[in-house]
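Undergrad: A single structure is presented below for examination.
In our numbering, the protein residues as written are 14 to 352.
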């Protein structure tokens with residue numbers, strides 16, 4: 014018994030040492046704060062509500078695409094065609110609305126389905142023909158770019174407010190009214206608290222370890238403060254920008270998929286060791302196929318927002334956005350090796 018107690022104490026000490034944080038763990042946050050402080054000193058308007066709101070809109074567009082790229086990288090693959098797809102699918106919706114008289118919801122629905130189909134086709138080549146994703150999506154980059162230029166006929170298709178395109182243009186010009194933003198933040202904090210409490214009770218009932226009540230409360234409290242601070246700052250301009258809500262919804266869906274479903278666990282396993290995943294009985298082909306299908310839908314959503322933000326569909330929309338998405342994932346801690 015004494016030996017056992019000694020080993021437990023030793024393991025606990027090792028765990029405490031390994032869990033100690035170093036300055037490297039905060040390097041990205043420190044760099045971000047330094048950059049923010051530099052630009053704030055150079056130009057005081059940088060931290061104004063208007064500037065921060067516009068930065069949030071730009072961030073939301075790239076981060077939404079990064080959510081899809083996350084699913085692809087987790088499985089050990091890469092998608093080099095995302096930027097071209099953003100231009101193609103946004104351009105397709107623009108042409109349907111502005112030149113063919115489709116309503117914005119119908120045009121975006123058609124473009125969304127087209128994105129899912131195209132990315133599932135690439136996924137099929139990858140899992141059925143065993144062609145590396147790098148090669149398939151590089152070909153997709155060139156093909157989609159050509160299709161995009163042909164769709165808009167190498168011209169500029171404006172997306173202007175009013176008429177059938179009004180909903181399309183509102184994607185990046187609509188702001189949630191201040192009161193509704195505060196109500197939304199209150200509801201989200203309440204839901205977060207209830208989910209945290211329910212999860213804690215479930216883990217206790219199942220005999221798993223749980224964090225202390227104080228730590229659980231602190232996490233909800235800090236998250237709630239962040240939400241209300243964000244709403245209060247954006248309310249000083251026009252309100253919470255719609256792209257931020259779209260990003261929040263996409264992020265929530267991806268979080269649930271990766272952390273609370275068998276699909277997510279399978280995706281991590283495939284990225285970690287595909288051969289071991291096959292031996293374990295994981296349907297590798299089906300999971301990768303589904304991940305690319307989801308990516309296609311997210312590319313379409315990003316295409317709508319990026320085109321609406323630019324105000325027109327032109328040949329440069331979406332250019333090199335796949336690199337921004339990959340960079341966002343890597344800076345956020347995703348391993349390019351997968352898993």
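Glycine included, each C-beta is placed from N, C-alpha and C at the ideal position. From a predicted model like this one, the values you see are computed outputs, not experimental measurements.
Would you be able to state if there are at least three C-beta pairs under 8 Å between the stretch 316 to 336 and the stretch 179 to 189?
TA: yes
Undergrad: For residue 77 and residue 181, what's the separation of their Cα atoms in angstroms?
TA: 17 Å
Undergrad: Can you confirm whether the stretch 294 to 307 touches the stretch 160 to 177 when touching is taken to mean that 3 or more C-beta pairs between the two stretches lie within less than 8 Å?
TA: no
Undergrad: Do the stretch 51 to 68 and the stretch 125 to 142 make contact, defined as three or more Cβ pairs closer than 8 Å?
TA: no
Undergrad: If you run the structure through DSSP and keep just helix, strand and coil, what is residue 256?
TA: helix
Undergrad: Assign residue 168 to buried or exposed, taking buried as 16 or more other Cβ atoms, counted over all protein chains shown, within 10 Å of its Cβ.
TA: exposed
Undergrad: Taking the alpha helix (DSSP H) that residue 136 falls in, what are its first and last residues?
TA: 117 to 141
Undergrad: Alpha carbon to alpha carbon, how far is residue 94 from residue 153?
TA: 5 Å
Undergrad: When the Cα of residue 253 is compared with those of 198, 292, 58, which residue comes out closest?
TA: 198
Undergrad: From residue 190 to residue 244, what does the alpha carbon distance come to, in whole angstroms?
TA: One C-alpha to the other measures close to 10 Å.
Undergrad: I'd like the list of long-range same chain contacts for residue 62, defined as Cβ closer than 7 Å, with 5 residues on each side in sequence excluded.
TA: 246, 247, 249, 250
Undergrad: For residue 291, which three-state DSSP category applies?
TA: helix
Undergrad: Beta carbon of residue 351, beta carbon of residue 81: below 7 Å?
TA: Against a cut-off of 7 Å, the Cβ pair of residue 81 and residue 351 comes out as no contact.
Undergrad: By how many angstroms is the C-alpha of residue 122 removed from the C-alpha of residue 316?
TA: 12 Å
Undergrad: Could you please give the first and the last residue of the uninterrupted alpha helix (DSSP H) stretch that includes residue 247?
TA: First-last of the alpha helix (DSSP H) with residue 247: 226 to 248.
Undergrad: Does the structure place the stretch 99 to 108 close enough to the stretch 331 to 348 that three or more beta carbon pairs sit under 8 Å?
TA: yes
Undergrad: How far does the alpha helix (DSSP H) with residue 281 in it extend, from its first residue to its last?
TA: 275 to 285
Undergrad: What is the rounded straight-line gap between the Cα of residue 8 and the Cα of residue 60?
TA: For the chain, the structure presents residues 14 to 352; residue 8 sits outside this window and is missing.
Undergrad: Have a look at residue 240 and residue 200 and give me their C-alpha separation to the nearest angstrom.
TA: 11 Å
Undergrad: Using a threshold of 7 Å, state whether the C-beta atoms of residue 129 and residue 277 are closer than that.
TA: Between residue 129 and residue 277, the gap from beta carbon to beta carbon reaches 7 Å or more.
Undergrad: Am I right that residue 430 and residue 84 are in contact with their C-beta atoms under 8 Å? What's the rounded C-beta distance?
TA: Residue numbering for the chain in the displayed model covers 14 to 352; residue 430 lies beyond these limits and cannot be assessed.
Undergrad: Go to residue 51, then tell me how far its alpha helix (DSSP H) extends in each direction, as first and last residue.
TA: 40 to 55
Undergrad: Rank 213, 193, 340, 215 by C-alpha distance to the C-alpha of residue 92 and give the top, closest one.
TA: 340
Undergrad: Identify, in the order they occur along the chain, each residue of the same chain with its Cβ nearer than 6 Å to the Cβ of residue 146, setting aside the five sequence neighbours on each side.
TA: 90, 91, 139
Undergrad: Is the beta carbon of residue 283 less than 7 Å from the beta carbon of residue 290?
TA: yes
Undergrad: Can you check whether the CB of residue 209 is closer than 7 Å to the CB of residue 236?
TA: 7 Å or more divides the Cβ of residue 236 from the Cβ of residue 209.
Undergrad: Residue 44 and residue 342 look like a contact to me (Cβ under 8 Å); what is the Cβ gap, rounded to whole Å?
TA: About 17 Å separates the two Cβ atoms, so there is no contact after all.
Undergrad: Restricting to Cα atoms, I'd like to know which of 54, 71, 55 is closest to residue 257.
TA: 71
Undergrad: Could you give the DSSP three-state label for residue 144: helix, strand or coil?
TA: coil
Undergrad: In whole angstroms, give me the CA-to-CA distance for residue 115 and residue 295.
TA: 42 Å
Undergrad: Using 7 Å as the threshold, is the C-beta distance between residue 202 and residue 213 below it?
TA: no
Undergrad: With a cut-off of 8 Å on the beta carbons, I'd call residue 271 and residue 280 a contact; round off their distance for me.
TA: With a beta-carbon spacing of about 7 Å, residue 271 and residue 280 fall inside the 8 Å limit used to define contacts.
Undergrad: With which residues is residue 170 paired in a DSSP beta bridge?
TA: 326
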